[in-house]
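Heads up: the sequence lines are chains A and B, in that order. Residue numbering for the first sequence follows the numbering used here, beginning at 1 and increasing consecutively. Residue numbering for the second sequence follows the numbering used here, beginning at 1001 and increasing consecutively. Think of the CB as a built atom: it goes at the ideal place given N, C-alpha and C, for glycine as much as any other residue.
2 protein chains.
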Amino acid sequence: MTPALTTTTRTATKRTLDLGPAAELVSKEEGHRQPLAPEFVSAEDFSPLEVAYDFGRVRREDIESGPRSIWRYKRLLPVPSDVEQIPNTEPGCTRLVRADRLAEALGVRRVWVKDDTGNPTHSFKDRVVAVALAAAREFGFEVLACPSTGNLANAVAAAAARAGWQSVVLIPSSLERAKVLTTAVYDGALIAVDGNYDDVNRLATELAGEHENWAFVNVNVRPYYSEGSKTLAFEVAEQLGWRLPEQIVVPIASGSQLTKVDKGFRELGELGLVEPSPYRVFGAQATGCSPVSAAFRNGHDVVQPVKPDTIARSLAIGNPADGPYVLDTVSRTGGAIEDVTDEEVVEGIRLLARTEGIFTETAGGVTVATAKKLVEAGKLDPDAETVLLITGDGLKTLDAIEDKVGPKATVPPSAEAVGKALGR
Amino acid sequence: MTPALTTTTRTATKRTLDLGPAAELVSKEEGHRQPLAPEFVSAEDFSPLEVAYDFGRVRREDIESGPRSIWRYKRLLPVPSDVEQIPNTEPGCTRLVRADRLAEALGVRRVWVKDDTGNPTHSFKDRVVAVALAAAREFGFEVLACPSTGNLANAVAAAAARAGWQSVVLIPSSLERAKVLTTAVYDGALIAVDGNYDDVNRLATELAGEHENWAFVNVNVRPYYSEGSKTLAFEVAEQLGWRLPEQIVVPIASGSQLTKVDKGFRELGELGLVEPSPYRVFGAQATGCSPVSAAFRNGHDVVQPVKPDTIARSLAIGNPADGPYVLDTVSRTGGAIEDVTDEEVVEGIRLLARTEGIFTETAGGVTVATAKKLVEAGKLDPDAETVLLITGDGLKTLDAIEDKVGPKATVPPSAEAVGKALGR
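Here you go:
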């Protein structure tokens, strides 16, 4: 192992911290302010810390002349001013696909699919990890780490490799072989832990305390990490020609992505980069892990934790940290939250593949199926322009469609047999 | 089945064919000219037919103001003038990654990786299939078809779904379950054929003759299909700031991609879109299927067919149609061809992952490992800027790294155990 992994104190803390427009951290509950630091919970009110900015003036031209990656939005992110010059990944600028055939199937006038399967490791996690890495470097960290069961593990191991950093990725030892391979190939320190994901998570928090030079992307640098999700909102608005969509459907795991997409839209409006037109944010969960949807349905403002049981494993967070803030956002914008069964998730995957040629993982199936349910329930306006966030790739959750799809027929090698199989 | 599948004649042939700048077909051997048609072999000299153009004037601004997909190059492709308005996929504009860590590992001054894993179905096949679909529609075809064992099957099924076309994809019935799933999910007519890939290929040619409304992308519309590979050259040049690289390493299956990348570079030079600076084209094969590399080594100008035996299955074409033209191109540009063992292929995959966080399929491993071998042999100039074409995704060939990579350690859930595993 290299020295970086075994050092326990941050030695490289810089004289001047450059996190671009980031000004300070603010606690989400009571708005206590504190200097930028690798901390994630307010010591005052114990609520999550969030980055606050001093943007100055940001013009569309500044963004449009930037690189074809999330770094074009560096003036809106907690990253160094020269972030695109520093070794990191260049995620983002994924396709916004006009989905006319899906729209017709859903009975909605206009649907756009934000297809984040085009990212370097094929999920939106590349966005948040890239921002976490950029911030972590400024704070003097030297190792990129996370607990994960899938997409996050891929993204952290790949980003660290590209940057020349060490990575430490903790996974439950029972993780499927394919997910182990897609992380191990990047050759970081992949550690299998005998325990479930909760055990792994607890271990991560403990290790974050012990190793001062390890940045756990979703623990000690979480406030920076989570800001990466704003780039989904920025790209959607820019790709629509600098305007906000009327409706957007976002999957809910911790809930962070949904609240950050909303934050991104609001920032664009406040900065005059778009007309601050009204939009409604909708949340999507799998029924087998639907604590936020249940709270919404019951009119609660707190979220009751659940024990997850769903094929949508990348959304299976039973105690979502940002649950209450999701409820706030959805209520404020006039949206709604729904959940769908595992069977509907698979149907959602198949519907998107059949109509638009886009193969998404189970989380995307949740989004599509929830959109369908929301239209049928009259909650999603079929006449309003709607964006669906497709945040991960079907190649990573093949087990979900196994035994559900297959060849139409198996035939001997003759043209006649093919013709017969096709019903001629 | 819908009527389209069972109709055998093309009914929708248009009055005026609009294939943009495409002017006619020319036979590769003797240059016989014939009108644009869905034909692939010259009746005069039995050599492959290739598209010839009447480009007129094409300016960088025309391209730069186009969409973020291969359709920005429509003035250089055999596709309708309004191609971006017609339902199809929008592949291309994938990342050109400056690969400093890989360059250092290879001992080369400057390396760029063209990362085509970002395409809709994560391989370069989306480029050629999109062009084939656009041309096929103009010719009045109604069904998109192919024989395939992997990437092409994914691309055809997805593109047809997005366009609202029927697809017929023929696969050997022994194909791995994962590859069946990733095609079947798009819900076209996936037909498993009891036989090997040669049987499936023969069946495709037979069916192409019988079903006049079926466009087999790599059979009857092959001249149009193969032009799609030029977009790799166009993008590399545009992404380098409108100039040609000094060296490029291209994997060889049929050999079509390599010859078309060269054609693309030449067209850019002839049109004055780039300075026509010299470049050298290098070819990469797996030793287990290296007929073109063997011919190059032995100074032959014909290629002796082989029986493929390599893990690089997407390159495993034992009798490559464009083999002789590859030899011409490589000799003319002053390049070379090499081949690498399956072990080296896996090392190539791991090297790219470890240094740049890019996980490629076996074909990409062939390209990286061949580049390494060419540098070591003094054939690739370490002081010349070099582009590597990474044409497919590691998620599709997980079996290649299975048993080669894995967790560094399996530990109980304690911080001490993790520390020990990391050598503290």
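Point to revise | Rounded straight-line distance, which links the Cα of B:Arg-1162 to that of A:Gly-423 | key: Linking A:Gly-423 to B:Arg-1162 through their CA atoms gives a straight-line distance of about 23 Å.
Review point. Are the beta-carbon atoms belonging to B:Gly-1406 and B:Glu-1361 less than 8 Å from one another?
Key: The answer is no: Cβ separation not under 8 Å.
Exercise for review: Please decide whether A:Arg-72 counts as near chain B, where near means a Cβ-Cβ distance under 8 Å.
Suggested key: So no, A:Arg-72 is outside the interface.
Check your understanding: Is there at least one Cβ from chain A nearer than 8 Å to B:Glu-1090's Cβ?
Key -> Taking 8 Å as the threshold, the shortest C-beta distance from B:Glu-1090 to chain A falls below it.
Review point. If you run the structure through DSSP and keep just helix, strand and coil, what is A:Ala-99?
Key: A:Ala-99 falls in the coil class under three-state DSSP.
Point to revise | Beta-carbon separation (whole angstroms), A:Leu-203 vs B:Ala-1421, contact threshold 8 Å | key: The pair is not a contact, with the Cβ atoms about 12 Å apart (cut-off 8 Å).
Check your understanding: Taking just the CA atoms, how far does B:Glu-1090 sit from B:Asn-1119?
Key -> The alpha-carbon separation between B:Asn-1119 and B:Glu-1090 amounts to approximately 9 Å.
Point to revise | Three-state class that DSSP yields for A:Lys-420 in the structure shown | key: Helix, per DSSP.
Practice item. Please list the segments of the beta strand (DSSP E) lying wholly inside the region 304–340 of chain A, counting only runs of 3 or more residues, in order along the chain. Key: Runs found: 337–340.
Check your understanding: In chain order, what residues of the same chain lie with their CB nearer than 8 Å to the CB of B:Arg-1243, ignoring the 5 residues before and after it?
Key -> Excluding positions up to five away in sequence, the list reads Ala-1237, Val-1274, Glu-1275, Ser-1277.
**Study point:** Test: B:Gly-1406 CB closer than 8 Å to a CB of chain A
**Key:** With 8 Å as the cut-off, B:Gly-1406 counts as an interface residue toward chain A.
**Study point:** Residue from B:Gly-1272, B:Val-1169, B:Arg-1098, B:Leu-1076 whose Cα sits closest to the Cα of B:Ala-1192
**Key:** Closest in C-alpha terms to B:Ala-1192, from the list B:Gly-1272, B:Val-1169, B:Arg-1098, B:Leu-1076, comes B:Val-1169.
Check your understanding: chain B partners of A:Pro-412, CB-CB under 8 Å?
Key -> At a beta-carbon threshold of 8 Å, the residues of chain B lying near A:Pro-412 are Val-1193, Asp-1194, Gly-1195, ordered along the chain.
Review point. So, are the CB atoms of A:Pro-78 and A:Tyr-224 less than 8 Å apart?
Key: The answer is yes: Cβ separation under 8 Å.
Review point. Would you call A:Thr-367 buried or exposed, if buried means 16 or more other Cβ atoms sit within 10 Å of its Cβ?
Key: Label assigned to A:Thr-367: buried.
Check your understanding: Hey, would you say B:Arg-1313 sits closer than 8 Å to B:Gly-1150, going by beta carbons?
Key -> Going by C-beta atoms, B:Arg-1313 is nearer than 8 Å to B:Gly-1150.
Exercise for review: Name, going along the chain, the residues of the region 1204–1215 of chain B whose beta-carbon falls closer than 8 Å to a beta-carbon of chain A.
Suggested key: Those would be Glu-1206, Leu-1207, Glu-1210, in chain order.
Review point. Would you call the CB atoms of A:Gln-304 and A:Ala-316 closer than 8 Å?
Key: The answer is no: Cβ separation not under 8 Å.
Exercise for review: Could you list which residues in chain A have their beta carbon closer than 7 Å to that of B:Phe-1141, in chain order?
Suggested key: Within chain A, no residue comes near B:Phe-1141; the closest Cβ sits about 16 Å away, beyond 7 Å.
Check your understanding: Among the residues of its own chain, which have a CB less than 7 Å from the CB of B:Arg-1060, if the five just before and after it don't count?
Key -> Excluding residues within five positions, the ones whose Cβ falls inside 7 Å are Trp-1242, Leu-1273.
Exercise for review: Look at the alpha carbon of A:Ser-167 and the alpha carbon of B:Ser-1331, and state the distance between them as a whole number of angstroms.
Suggested key: Each residue's Cα considered, the two are about 44 Å apart.
Check your understanding: Taking any Cβ of chain A, which residues in the region 1363–1381 of chain B have a Cβ under 9 Å from it, in chain order?
Key -> When CB distances to chain A are screened at a threshold of 9 Å, not a single residue of the region 1363–1381 of chain B falls below it.
Exercise for review: State the DSSP-derived secondary structure class of B:Thr-1002, mapped to helix, strand or coil.
Suggested key: Here B:Thr-1002 scores only 47 on pLDDT, less than 50, and its place in the model should not be relied on; the value that follows carries that caveat. Coil.
Check your understanding: Listing by chain order, which chain B residues have their CB less than 7 Å from the CB of A:Ile-401?
Key -> For A:Ile-401, the chain B residues whose Cβ falls inside 7 Å of its Cβ are Leu-1181, Val-1185, in order along the chain.
Review point. By the 10 Å Cβ neighbour count, where 16 or more other Cβ atoms means buried, how is A:Asn-298 classified, buried or exposed?
Key: The residue in question, A:Asn-298, is exposed, as its Cβ has fewer than 16 Cβ neighbours within 10 Å.
Check your understanding: Does any C-beta atom of chain B lie closer than 8 Å to the C-beta of A:Val-79?
Key -> Not flagged as an interface residue toward chain B: A:Val-79, since no C-beta distance is shorter than 8 Å.
Review point. Where does the unbroken beta strand (DSSP E) through B:Ile-1191 begin, and where does it stop?
Key: Per DSSP, the unbroken beta strand (DSSP E) holding B:Ile-1191 starts and ends at 1189–1193.
Exercise for review: Starting from A:Gly-348, trace the alpha helix (DSSP H) both ways and give me its first and last residue.
Suggested key: Element bounds for A:Gly-348: 342–356.
Practice item. Identify, in the order they occur along the chain, each residue of the same chain with its Cβ nearer than 6 Å to the Cβ of A:Thr-397, setting aside the five sequence neighbours on each side. Key: Closer than 6 Å at the Cβ level, and outside the excluded window around A:Thr-397, lie Glu-361, Thr-362.
Exercise for review: Note down, in chain order, every chain A residue with its Cβ under 7 Å from the Cβ of B:Asp-1199.
Suggested key: Ordered by position in chain A, the residues that pass the 7 Å Cβ test against B:Asp-1199 are Pro-413.
Check your understanding: Can you tell which of B:Pro-1413, B:Val-1108, B:Ser-1042, B:Gly-1318 has the C-alpha that lies nearest to the C-alpha of B:Lys-1028?
Key -> It is B:Ser-1042.
Exercise for review: Would you check if the distance between the CB atom of B:Ser-1123 and the CB atom of B:Asp-1115 is smaller than 8 Å?
Suggested key: Contact check for B:Ser-1123 against B:Asp-1115 fails: the beta carbons are separated by 8 Å or more.
Exercise for review: Take A:Phe-216 and list the residues in its own chain whose beta-carbon comes closer than 7 Å to its own, dropping the five residues that flank it on each side.
Suggested key: Same-chain partners within the cutoff: Ala-145, Cys-146, Ala-204, Ala-208.
Review point. How would you label B:Ser-1065, buried or exposed, when you count the other beta carbons within 10 angstroms and need 16 or more for buried?
Key: Its Cβ having fewer than 16 others within 10 Å, B:Ser-1065 is exposed.
Review point. Looking at the unbroken beta strand (DSSP E) that takes in B:Val-1387, where does it start and where does it end?
Key: 1386–1390 is the extent of the beta strand (DSSP E) around B:Val-1387.
Point to revise | Proximity winner among B:Val-1411, B:Glu-1385, B:Ala-1409, B:Val-1418, relative to B:Leu-942 (alpha-carbon distances) | key: As shown, chain B starts at 1001 and ends at 1424. That puts residue 942 of chain B outside it, with no answer to give.
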